[in-house]
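**Q**
In this note's numbering, the protein residues as written are 48 to 227.
Listed below in structure tokens is the structure:
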């Protein structure tokens, strides 16, 4: 409630690292994903007069797109896997290819990208900031306008600008049109 009274967490704020401070010492650390995904309220406690809430900056985010129930940008913490993040995204939709996913990643500080396939990896894939996780649809088809050169990942968003409420980059789902 108090965070909402302050306008909510902005786009740079962390949902995973919120601290409650009392007399200069951290008394509680909160991960709101526990509340959002598991309805776990055990870490929430009452505040006292003089307490401070510190919302840390979020610096570990990945985009989840494709055949997933809630495509969005998700924050991860050290040790979480792509499977964990897909779970936060509501899991694979019934249109997905049985748990198959791809991760598109920038190579070092260049703009070159490469793709990791979950079918090629035995161990959980360590996530990096700005990774893109793509779950292909069962009807997934190659399309040179929206699929990477190796035909495994949607890489180019559609930019919508002008007199609209929410300008920006949007990823189209397989077989989706601008009017759908």
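For each residue, glycine too, the CB sits at the ideal point set by N, CA and C.
If you draw a straight line from the C-alpha of residue 134 to the C-alpha of residue 77, how long is it?
**A** Indexing the chain shown from 1 puts residue 134 at position 87. Indexing the chain shown from 1 puts residue 77 at position 30. Between residue 134 and residue 77, the C-alpha separation is close to 19 Å.
**Q** Quick one: using the 10 Å Cβ neighbour count with 16 as the cut-off for buried, is residue 55 buried or exposed?
**A** Counting from one through the chain shown, the residue named residue 55 turns up at place 8. It counts as exposed.
**Q** Spatial neighbours of residue 172 within its chain, please: CB distance less than 8 Å, with the 5 preceding and 5 following residues excluded, ordered by chain position.
**A** The residue given as residue 172 occupies position 125 in the chain shown. Contacts found: 128, 129, 150, 163 and 165.
**Q** State buried or exposed for residue 179, treating a residue as buried only when at least 16 other CB atoms are found within 10 Å of its CB.
**A** The residue you call residue 179 lines up with position 132 of the chain shown. Looking at its Cβ environment, which holds 16 or more other Cβ atoms inside 10 Å, residue 179 is buried.
**Q** As an exercise, report each continuous alpha helix (DSSP H) stretch of at least 4 residues that is fully enclosed by the segment 53-89, in chain order.
**A** With a minimum length of 4 residues, the continuous alpha helix (DSSP H) runs that stay inside the segment 53-89 are 79-85.
**Q** Which complete beta strand (DSSP E) runs does the segment 105-191 hold, if anything under 3 residues is left out?
**A** You should have 108-113, 119-122, 149-153, 160-164 and 179-182.
**Q** Helix, strand or coil for residue 100 per DSSP?
**A** As a working note, residue 100 is residue 53 in the chain shown. Residue state, collapsed to three classes: strand.
**Q** Taking C-beta to C-beta, are residue 99 and residue 75 nearer than 7 Å?
**A** Residue numbering aside, residue 99 sits at position 52 when the chain shown is read from its first letter. Residue numbering aside, residue 75 sits at position 28 when the chain shown is read from its first letter. In this structure, residue 75 does not lie closer than 7 Å to residue 99 by Cβ.
**Q** If you compare alpha carbons, which of 93, 113, 116 and 103 is closest to residue 65?
**A** Translated into the one-based positions of the chain shown, residue 65 becomes position 18. Of the candidates 93, 113, 116 and 103, the one whose C-alpha sits nearest the C-alpha of residue 65 is 103.
**Q** Among 93, 73 and 136, whose alpha-carbon lies nearest the alpha-carbon of residue 118?
**A** On the chain shown, residue 118 is found 71 positions in, with the first residue counted as 1. The shortest C-alpha separation from residue 118 is found at 136.
**Q** Beta-carbon within less than 7 Å of residue 92's beta-carbon, same chain only, minus the 5 sequence neighbours each way: which residues are those?
**A** As a working mapping, residue 92 is identified with position 45 in the chain shown. 75.
**Q** Sort 144, 110 and 141 by Cα distance to residue 175 and report the nearest one.
**A** What you label residue 175 is simply residue 128 of the chain shown in a count that begins at 1. Nearest option by C-alpha distance: 110.
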